[in-house]
Amino acid sequence: MSWGTELWDQFDNLEKHTQWGIDILEKYIKFVKERTEIELSYAKQLRNLAKKYQPKKNSKEEEEYRYTACKAFLSTLNEMNDYAGQHEVISENMTSNITVELARYVQELKQERKSYFHDGRKAQQHIEICWKQLESSKRRFERDCKEADRAQQYFEKMDADINVTKADVEKARQQAQVRHQMAEDSKADYSSVLQKFNHEQHEYYYTHIPSIFQKIQEMEERRIVRIGESMKTYAEVDRQVIPIIGKCLDEIVKAAESIDQKNDSQLVIEAYKSGFEPPGDIEFEDYTQPMKRTVSDNSLSNSRGEGKPELKFGGKSKGKLWPFIKKNKLMSLLTSPHQPPPPPPASASPSAVPNGPQSPKQQKEPLSHRFNEFMTSKPKIHCFRSLKRGGATPEDFSNLPPEQRRKKLQQKVDELNKEIQKEMDQRDAITKMKDVYLKNPQMGDPASLDHKLTEVSQNIEKLRLETQKFEAWLAEVEGRLPARSEQARRQSGMFDAQNPATVNSCAQDRESPDGSYTEEQSQEGEGKVLATDFDDEFDEEEPLPAIGTCKALYTFEGQNEGTISVVEGETLYVIEEDKGDGWTRIRRNEDEEGYVPTSYVEVYLDKNAKGAKTYI
């Protein structure tokens, strides 16, 4: 069916309908555009979500992603990024294939529609002009006919009247003939105009309008087909990314299936195993006997010097021994003796003094005197808050349990070996470049590489010395651990039975630099082991601030616990001034501090410093 034949008289309605069709197309374009914006927003939110839960670099979260469940979660986050990327692809394809194309097509469609309806209105105006011409010719013919009839009647009347002269009759006859001729001319003109109008009208209704309406119909049908094709494209854009989205989901499922609970449990063991053995049974102590009660071999007050096996302890026993730990720390502070420092040497080399000065805390004093000093001084109160402050970790990781310390040292050795290999590769590259310069002097000066080569060699030597230091600590720790094969030490975090000397040696390594074990402390050796271990794990505190500087007047060899060796002329930091016992506490660097005789140094205190502070 053709609009030209069926809707020949519906020009205005067709104009409204085609405008409605364009409005529908523009509405669909707006719909697709909003869909693309939603896809972009959704993709952006997905990426932000994945980024939000990504592990932060150089943080504790990175260590957590050793576990298979966390690895699966990380894989899920990565797949979500790819998933978001597919939604961005949907938005881009819909924009380029639908929104942009349809927007261009709408503009073309509007121009085409405007042209067709312009032609239609032009044809309407032409037929209206023809109709007006016909009406004008018709009215003129009608008027001339009436005038001719009146002239004829007047002539007949004059001719019948005997009183009218012959001249008047002739004049009336001529007038009637003129009017009759005018009527004939109007008739001929009217007939001609009528034929012309009928022809134009036939052309209008059977040629021009059908042709224009047919073009409008074809234009409208193309619009309908185009919007249908756009809807198919809309679906195909989504369909194209379904395989990739499905692959992302498959990868998430694969990551979930790779979770190994046994492996994660083993990683927990490797991460937190201390290497200690659980405590043994506590023997019964009979208080009914009048004699001095026997001390159990495994009692907390067992003396270290009796040669009996020491008490092994684990994580649970530490919580139960908390009261004993606090008691030992308090008694250690109250009973720590002082010994006066040696006088300054008469010669310029005080190192000639036999065996050097004694430790600043070796002489016993009355308990009441020590208690008074304890009450008046500002002790360092250890608490869990120091963990939050993140105290300085010892270079040899002596604050960790044996197994964890071994792992940290091994990790450090591996890192240093990698750095050494990197420096060696750089040295080889520089050496090769130098050889090229020697063979081809025009390419460069070989001497210009000597400084860099020397610097790299020095770096290698420093790294090797550092590696030897950590390997020595590693060998020391592995020597304390149960003997086993190297392969077993590298592949497993499980340990066998602990040697009895392990706890004792660990405790000695963790003694405070403020003093050494005394007789009273050795009587409560087991408690001291527990206290020092507990302190190292929970009571890491910030180093004391420097309150000034000092210059060494003499060389001092600190051979005892709590002291530090200095060289004449050396400048160091003062962190605690002489409290009347003849000793001054100084620091060389973050990991090296101790006491020196006050008479051996010249102190320059900072006026703005408030002294060594106590951190709680």
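Residues in the sequence shown are numbered consecutively from 25, following this note's numbering.
Note that beta-carbon positions come from the ideal geometry of N, C-alpha and C, so glycine has one too.
When L70, A147, A93, N117 are compared against D106, the one with the closest alpha-carbon | L70
When you compare only the Cα positions, how much space is there between K286 and T92?
-> 10 angstroms
Going along the chain, which unbroken runs of the beta strand (DSSP E) with 3 or more residues stay wholly within the segment 248-312?
-> none
Would you mind sorting F421 into buried or exposed? The rule is 16 or more other CB atoms within 10 Å of its CB.
-> Under a 10 Å Cβ-count criterion, F421 is classified as buried, with 16 or more other Cβ atoms of the shown protein chains found around its own Cβ.
In DSSP terms, what R678 is bridged to = Only positions 25 to 640 of the chain appear in the structure, and residue 678 is not among them; the question remains open.
Given that a residue counts as buried once 16 or more other Cβ atoms are within 10 Å of its Cβ, and exposed if not, what is T579?
-> buried
Output the distance between the C-alpha atoms of K156 and M206, rounded to the nearest integer angstrom.
-> Rounded to the nearest angstrom, the two C-alpha atoms are 21 angstroms apart.
Since I believe I151 is in contact with E224 (beta carbons under 8 angstroms), could you give me their beta-carbon distance rounded to a whole number of angstroms?
-> 6 angstroms
Which of helix, strand or coil does DSSP assign to G572?
-> strand
Give the C-beta separation of K239 and Y178 to the nearest angstrom, bearing in mind that I take them to be a contact with Cβ-Cβ under 8 angstroms.
-> Not confirmed; about 59 angstroms, so no contact.
Note the first and the last residue of the continuous beta strand (DSSP E) segment covering Y77.
-> No beta strand (DSSP E) holds Y77; DSSP gives it neither H nor E.
Cβ contact check for the segment 448-455 and the segment 464-484: 3 or more pairs under 8 angstroms | yes
Does the distance from the C-beta atom of T211 to that of D168 stay below 9 angstroms?
-> What sits at residue 211 in the sequence shown is Lys, not Thr. Taking 9 angstroms as the Cβ cut-off, K211 and D168 qualify as a contacting pair.
Return the CA-CA distance between C574 and K95, expressed in angstroms with no decimal places.
-> 53 angstroms
Simplified DSSP state of Y578, which is helix, strand or coil = coil
What first and last residue would you give for the alpha helix (DSSP H) that runs through E447?
-> 426-463
Can you give the Cα-Cα distance for Y228 and K51, rounded to whole angstroms?
-> So the alpha carbons of these two residues sit roughly 35 angstroms apart.
Measure the C-alpha to C-alpha separation of L101 and K75 and round it to an integer number of angstroms.
-> 8 angstroms
Tell me whether R90 is buried or exposed, calling it buried when 16 or more other Cβ atoms sit within 10 Å of its Cβ.
-> exposed
Starting from Y628 and walking both ways along the beta strand (DSSP E), at which residues does that stretch end?
-> It spans 625-629 - the beta strand (DSSP E) in which Y628 sits, taken as one unbroken run.
Tell whether a beta-carbon distance below 9 angstroms holds between Y597 and I610.
-> Yes, the pair counts as a contact, with Cβ atoms nearer than the cut-off.
Which of helix, strand or coil DSSP assigns to V480 = helix
Using three-state DSSP, classify V193 as helix, strand or coil.
-> helix
What's the gap between the Cα of N72 and the Cα of G28?
-> 59 angstroms
Using the C-alpha atoms, what's the distance from V124 back to L133?
-> 14 angstroms
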